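S.K.: So that we are looking at the same thing, I have put the structure below in structure tokens.
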Amino acid sequence: MKFGHFDNENREYVITNPRTPVKWINYIGTREFGGFVDHTGGALICQQDPTFNRITKYIQQMPASDFKGATLYLRLHTDDGYHVFSPFFVPTLDPLDLFECHVGLGYTRIISEYLGLRTNVTIFVPLDDPREIRDIQITNLSDNPLNVDAIPLVEYTHPDALLQFTNADWLPQTMQSRAVEDGRFKILVQYPFMFRDTRINYLTSNLPVSAFETDRKKFLGDNEYGTFRVPLSLFQPELTNSQASRGDNIAALLHPLGILQPGETTRVILQLGQDSSIEAARTGIEKYRQAEAVDEALKEIRVFWDGYLGALQVDTPDESMNAMLNVHNPHQCYVTKTWSRYLSYYQLGLGSRGIGYRDSMQDVQSVMASVPEEARAFLLTLLYFQKCDGSVMHQFNPLTLEGSEGDSLEMEDRPHYYSDDHLWGVLAVTAYLKETGDLNFLKEIVPFYEKDAQGDAIESGSVLEHLKRGLDFTRHDTGQHDLPLLGFADWNDTVNMPTGAESLFTANLYGKALLEMIILFDHLGDASTASEYRVAYDEMKSRVESIAWDGKWYVRYFDDEGNPIGSSKNTYGQIYLNAQSWPVISGFASAERGRRAMDSAYERLNTNYGIRLSAPGFDGYDPKYGGVTTYPPGAKENSGIFLHPNPWAIIAEAILGNGERAYGYYAQINPVAKNEVIDIYECEPYVYAQNILGEEHPQFGLARNSWLTGTASWCYQAATQWILGIRPEYDGLRIDPCISSSWSGFSATRRFRGWLLYINVHNPQHVCKGVVEMKVDGEAVPGNLFSQDIPQGEHEIEVWLGE
Ligand code: GLC
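Using our numbering, read the sequence shown as starting at 8 and increasing by one per residue.
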């Protein structure tokens with residue numbers, strides 16, 4: 008059964024059946040103020056810090072039918088009393104005549120019809136203005152006058168989100184609310200007592216209210232044997248106007264809208280915000296009571312996204328690919344870059360996880376063309392977490408700028424660094440340089456992480472110095488085969504082996520990073536440093552080639568005793584996807600071995616739902632390997648279809664020139680295609696999920712952990728830079744597609760540095776790869792590079808593929 012469809016013209020996905028297999032969400036606002044809204048109007052909102060400054064109480068683990076954080080009730084006055092329902096479906100679960108949740112760029116709009124009332128609610132956070140707006144428009148569709156009340160509701164959490172669940176004595180004693188008169192309006196103010204004079208939450212609207220409620224117990228009624236589905240207080244004429252002095256705090260405003268004539272619409276504008284005091288908030292509150300301000304704020308969001316998406320728009324023969332590349336994939340990339348792994352339906356934002364260095368260095372690569380300044384600033388923040396020895400802090404709290412070694416601290420006897428983390432910085436910085444041409448960035452001075460007793464950095468270095476230190480760290484941090492030591496883990500967080508294990512993933516990532524440095528130093532005209540790195544590259548290449556080939560594929564690790572893992576000799580985990588794709592990406596694999604390795608991956612790991620990370624899955628907990636063996640076979644890193652490495656396989660196939668496979672791998676994991684198998688897949692068909700259960704699992708095909716995953720960034724890069732082949736280089740923009748031979752061509756509009764380029768690729772001979780001719784504004788140019796020497800402005804690029 009399908010639950011919705013794409014509306015490409017309006018850049019939305021429209022959910023038309025609220026009973027989705029799991030909640031499907033969207034993001035509003037930023038990390039300054041915002042969070043996510045689910046498709047039934049529930050919302051998890053916080054200011055700056057999901058752990059210590061959370062505003063709404065949203066408990067992901069509760070059943071889908073439960074009230075979560077926020078809702079809206081409508082109350083129709085009938086001859087027999089009241090008819091109360093939620094136009095969001097949850098929590099009253101009425102059989103609405105129409106339900107549409109429009110998942111848009113920076114907003115969610117829920118439209119529904121029931122009992123002759125059409126409700127249209129747009130939920131968003133204005134750019135740079137911290138408040139959640141719910142623009143509620145209610146229309147009488149019937150032929151009769153209808154007497155309606157609107158009762159929007161939020162439930163607060165204590166700002167310390169974890170404490171909310173671990174303390175049921177001190178905490179409820181501190182939660183308080185009061186009502187403030189504001190001319191014709193009411194502002195409901197809420198705070199834990201200790202923040203009364205410094206930080207308050209508020210809920211208010213643009214219309215007078217007849218009553219309010221802040222005490223959940225009174226709202227639900229009957230000592231909370233009343234429910235959010237049938238809140239008993241809504242069957243009384245008025246709410247109790249209680250100002251909660253403790254307990255579970257909510258905010259509900261009863262708006263008597265009066266008689267709506269047939270065809271008439273009323274607009275209730277709701278604001279949920281946080282400020283130091285009501286006085287401080289008042290100007291903003293007044294501003295957004297005006298409908299014009301709300302319309303303008305929504306327009307500004309649209310303008311932002313026009314600009315963002317204007318970096319690249321494509322027209323390929325694959326509509327699903329177009330939908331993803333033109334709207335939903337870049338949207339997810341920006342959300343993922345913003346939220347890291349903080350807060351989603353699956354990432355609860357409760358611990359100290361904060362921002363991961365490795366993840367963010369990958370996420371940021373997908374936003375370079377759209378928001379280069381933001382990418383630049385974020386790179387500088389990330390590099391600050393690099394230590395003097397070149398390794399990095401695994402993660403950090405973006406507010407306190409405190410770094411941590413992450414999960415590696417949980418095992419005393421294991422190393423407290425991840426062997427891959429620092430190397431991602433090389434890929435991200437060079438990607439930024441190639442996109443923008445901003446070579447001065449290399450000279451920016453960034454402190455290293457270590458501080459002296461006064462809290463000052465003990466050493467600083469240029470961005471370039473940071474990159475070099477990272478490479479030096481890996482060069483010297485090698486084990487018994489002279490391959491990089493695993494550290495606590497590499498990209499695969501869940502394989503944690505005793506000290507002394509070596510990682511082929513890190514060896515190849517190091518190789519790729521060295522390649523990037525060689526290209527950079529060649530471009531900078533520094534031949535001697537380039538050749539130093541070439542020596543390091545050749546050294547590692549020969550080690551990998553002489554030690555890691557298993558016959559039909561590459562091994563993935565050596566354990567502390569020197570035994571291979573990811574080898575035909577193993578019982579479990581005989582072959583790993585990353586061990587095959589990365590030697591191609593690093594250029595370590597010969598064309599012949601690269602092909603063989605990728606064919607083995609195809610034969611042993613591919614499924615219709617995506618490529619598995621490894622096979623066969625470990626079948627039982629084994630402390631030697633750690634986390635990976637805590638999953639049943641087929642789940643997550645234990646032979647599940649872990650999606651993040653799938654685009655690396657796409658890139659490897661594109662490098663090898665196999666366009667059918669590259670495109671086939673892309674198409675099989677395209678979320679759009681999941682719309683057809685959604686009962687099995689379950690997650691949002693408009694964003695990538697992190698994982699899909701693999702063949703060995705009884706629920707093969709089921710996805711989880713959507714939104715915040717490196718899959719977004721890498722699928723975007725794989726599709727745009729490697730399948731479509733539109734790839735920034737230092738000297739210009741390379742056009743080197745590797746497509747399905749069935750395609751007759753495609754076109755794209757690409758903003759690049761100061762140019763706007765209209766690219767047309769023709770494939771008359773139906774090949775996968777190989778540019779035979781390229782013209783810029785009708786003039787033939789050598790090779791397939793749009794050179795940076797061409798004057799700025801708009802240009803037409805025509806490219807012909809062929810033999
Ligand atoms: C998760 C983590 C990422 C890691 C991956 C594989 O996606 O966020 O850092 O590389 O799992 O273990």
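All residues carry an ideal CB built from backbone N, CA and C; glycine is no exception. Here the structure is a predicted model, which is why all the values come from computation and not from measurement.
Which residues count as close to the ligand GLC when the rule is a CB under 7 Å from any of its heavy atoms, in chain order?
M.R.: Here the list is R348, G363, R365, D366, W498, N499, D500, T501, E644, F649, H651, Q697, T716 and G717.
S.K.: Taking the DSSP output, what are the residues bridged to H46?
M.R.: Here the question's residue 46 lines up with position 39 in the sequence shown. None; H46 has no bridge partner.
S.K.: Mapping DSSP to helix, strand and coil, what is D302?
M.R.: Along the sequence shown, read from residue 1 onward, the residue named residue 302 stands at position 295. In this structure, D302 counts as helix in the three-state DSSP scheme.
S.K.: Would DSSP call T485 helix, strand or coil?
M.R.: Within the sequence shown, residue 485 is the residue found at index 478, counting from 1. Strand, per DSSP.
S.K.: How about Q281 and N208: do their beta carbons lie closer than 8 Å?
M.R.: One-based indexing of the sequence shown puts residue 281 at position 274. One-based indexing of the sequence shown puts residue 208 at position 201. Yes. Within cutoff.
S.K.: Out of F235, S411 and T126, which one is the CA nearest neighbour of E271?
M.R.: Position 264 of the sequence shown holds residue 271. Per the Cα distances, T126.
S.K.: Compare the C-alpha of P215 against each of R206, A157 and Y163 and name the closest.
M.R.: The residue labelled residue 215 in the question sits at position 208 within the sequence shown. Of the candidates R206, A157 and Y163, the one whose C-alpha sits nearest the C-alpha of P215 is A157.
S.K.: Which term fits V21, buried or exposed, when burial requires 16 or more other beta carbons within 10 angstroms of its beta carbon?
M.R.: Indexing the sequence shown from 1 puts residue 21 at position 14. Under this definition V21 is a buried residue.
S.K.: Hey, how far is the Cα of K519 from the Cα of D545?
M.R.: The residue you call residue 519 lines up with position 512 of the sequence shown. The residue you call residue 545 lines up with position 538 of the sequence shown. So the alpha carbons of these two residues sit roughly 12 Å apart.
S.K.: Looking at C-alpha atoms only, which residue of G617, H773, N770 and T99 is the closest neighbour of N698?
M.R.: The residue given as residue 698 occupies position 691 in the sequence shown. Taking only the C-alpha atoms, the option nearest N698 is G617.
S.K.: From E220 to H423, what does the alpha carbon distance come to, in whole angstroms?
M.R.: Here residue 220 refers to the residue found at position 213 of the sequence shown. Here residue 423 refers to the residue found at position 416 of the sequence shown. Between E220 and H423, the C-alpha separation is close to 50 Å.
S.K.: Is it buried or exposed, V679, if we count other Cβ atoms within 10 angstroms and call 16 or more buried?
M.R.: Along the sequence shown, read from residue 1 onward, the residue named residue 679 stands at position 672. When all chains shown are included, V679 counts as buried.
S.K.: Is the Cβ-Cβ distance between W750 and I658 less than 8 Å?
M.R.: The residue given as residue 750 occupies position 743 in the sequence shown. The residue given as residue 658 occupies position 651 in the sequence shown. It is not a contact, given that the beta carbons lie outside the stated cut-off.
S.K.: Alpha carbon to alpha carbon, how far is Y456 from Q393? Give it in angstroms, no decimals.
M.R.: The residue labelled residue 393 in the question sits at position 386 within the sequence shown. The residue labelled residue 456 in the question sits at position 449 within the sequence shown. If I take the Cα positions, the gap works out to 6 Å.
S.K.: Going by DSSP, name the residue or residues bridged to H109.
M.R.: As a position in the sequence shown, residue 109 is number 102, starting the count at 1. Per DSSP, V21 and R116.
S.K.: Report all residues from its chain with a CB closer than 7 Å to the CB of T637; omit the five preceding and five following residues, and keep chain order.
M.R.: Residue mapping note: residue 637 aligns to position 630 of the sequence shown, counting from 1. Excluding positions up to five away in sequence, the list reads Y628.
S.K.: Rounded to whole angstroms, what's the CA-CA distance from E466 to H473? Just pull it up for me.
M.R.: On the sequence shown, residue 466 is found 459 positions in, with the first residue counted as 1. On the sequence shown, residue 473 is found 466 positions in, with the first residue counted as 1. Distance between the alpha carbons of E466 and H473: 11 Å.
S.K.: With DSSP as the reference, identify every bridge partner of E162, one or two as the case may be.
M.R.: The residue given as residue 162 occupies position 155 in the sequence shown. Beta-bridge pairing links E162 to I257.
S.K.: If you count every other CB in all the chains shown that lies within 10 Å of the CB of F242, and 16 or more means buried, which is it?
M.R.: As a working note, residue 242 is residue 235 in the sequence shown. Answer is exposed; the Cβ neighbour count stays below 16.
S.K.: From the DSSP output, in three-state form, read off L169 for me.
M.R.: In the sequence shown, residue 169 corresponds to position 162, counting from 1. In this structure, L169 counts as coil in the three-state DSSP scheme.
S.K.: Can you give me the start and stop residues for the beta strand (DSSP E) that M375 sits inside?
M.R.: For the purposes of this step, residue 375 is taken as the residue at position 368 of the sequence shown. That residue, M375, is in no beta strand (DSSP E); it is neither H nor E in DSSP.
S.K.: Using a 10 Å radius around the Cβ and a threshold of 16 neighbouring Cβ atoms, would you call N503 buried or exposed?
M.R.: By one-based count along the sequence shown, residue 503 stands at place 496. Buried, by the Cβ-count rule.
S.K.: Roughly how many angstroms lie between the CA atoms of W714 and A258, to the nearest whole one?
M.R.: Looking up residue 714 in the sequence shown gives position 707. Looking up residue 258 in the sequence shown gives position 251. The alpha-carbon atoms of W714 and A258 are separated by roughly 30 Å.
S.K.: Assign A725 to one of three DSSP states: helix, strand, or coil.
M.R.: Along the sequence shown, one-based indexing puts residue 725 at 718. Helix, per DSSP.
S.K.: Beta-carbon within less than 8 Å of H802's beta-carbon, same chain only, minus the 5 sequence neighbours each way: which residues are those?
M.R.: Counting from one through the sequence shown, the residue named residue 802 turns up at place 795. Answer for H802: W762, L763, L764, Y765, V783, D784 and F793, listed in chain order.
S.K.: Please report the straight-line C-alpha distance between T58 and F235, rounded to a whole angstrom.
M.R.: The count along the sequence shown starts at 1 and reaches residue 58 at position 51. The count along the sequence shown starts at 1 and reaches residue 235 at position 228. Between T58 and F235, the C-alpha separation is close to 26 Å.
S.K.: By Cβ distance, which residues of its chain are closer than 7 Å to D104, with the 5 residues on each side in sequence left out?
M.R.: Here residue 104 refers to the residue found at position 97 when the sequence shown is read from its first residue. If we look at D104 and ignore the five residues flanking it on each side, its Cβ neighbours are E120 and Y121.
S.K.: Can you give me the start and stop residues for the beta strand (DSSP E) that K193 sits inside?
M.R.: As a first step, residue 193 is located in the sequence shown; it is residue number 186 there, counting from the start. Run containing K193: F192 to P199, per the beta strand (DSSP E) assignment.
S.K.: Can you give the beta carbon distance from A604 to A596, rounded, assuming they're within the 8 Å contact cut?
M.R.: Position 597 of the sequence shown, counted from the first residue, corresponds to residue 604. Position 589 of the sequence shown, counted from the first residue, corresponds to residue 596. Yes, A604 and A596 are in contact; Cβ-Cβ is about 6 Å, under 8 Å.
S.K.: Which term fits K225, buried or exposed, when burial requires 16 or more other beta carbons within 10 angstroms of its beta carbon?
M.R.: Residue numbering aside, residue 225 sits at position 218 when the sequence shown is read from its first letter. K225 comes out buried.
S.K.: Among residues of its own chain, excluding the 5 on either side of I525, which ones have a beta-carbon nearer than 6 Å to its beta-carbon?
M.R.: Reading the sequence shown from its first residue, position 518 is the one you call residue 525. The answer, listed in chain order, is A537, Y540 and R541.
S.K.: Smallest Cα separation from H262: which of S510, G580, F40 and Y80?
M.R.: Taking the first residue of the sequence shown as position 1, residue 262 is located at position 255. Of the listed residues, the one whose Cα sits closest to H262 is Y80.
S.K.: Determine whether the beta carbon atoms of D831 and T129 lie at a separation below 8 Å.
M.R.: The structure shown has nothing for residue 831, since the chain only spans 8 to 810.
S.K.: Based on the DSSP secondary-structure assignment, which residues constitute the bridge partners of E509?
M.R.: Sequence index remark: in the sequence shown, residue 509 carries index 502 (1-based). For E509, which the question treats as bridged, DSSP gives the partners L492 and F565.
S.K.: Taking N147 and P269 to be in contact with their CB atoms under 8 Å, please state how far apart those CB atoms are, rounded to whole angstroms.
M.R.: Taking the first residue of the sequence shown as 1, we reach residue 147 at position 140. Taking the first residue of the sequence shown as 1, we reach residue 269 at position 262. Yes, N147 and P269 are in contact; Cβ-Cβ is about 6 Å, under 8 Å.
S.K.: Fully enclosed by the stretch 623 to 660, which alpha helix (DSSP H) runs are 4 residues long or longer?
M.R.: If we require 4 residues or more, the stretch 623 to 660 turns out to have no alpha helix (DSSP H) run fully inside it.
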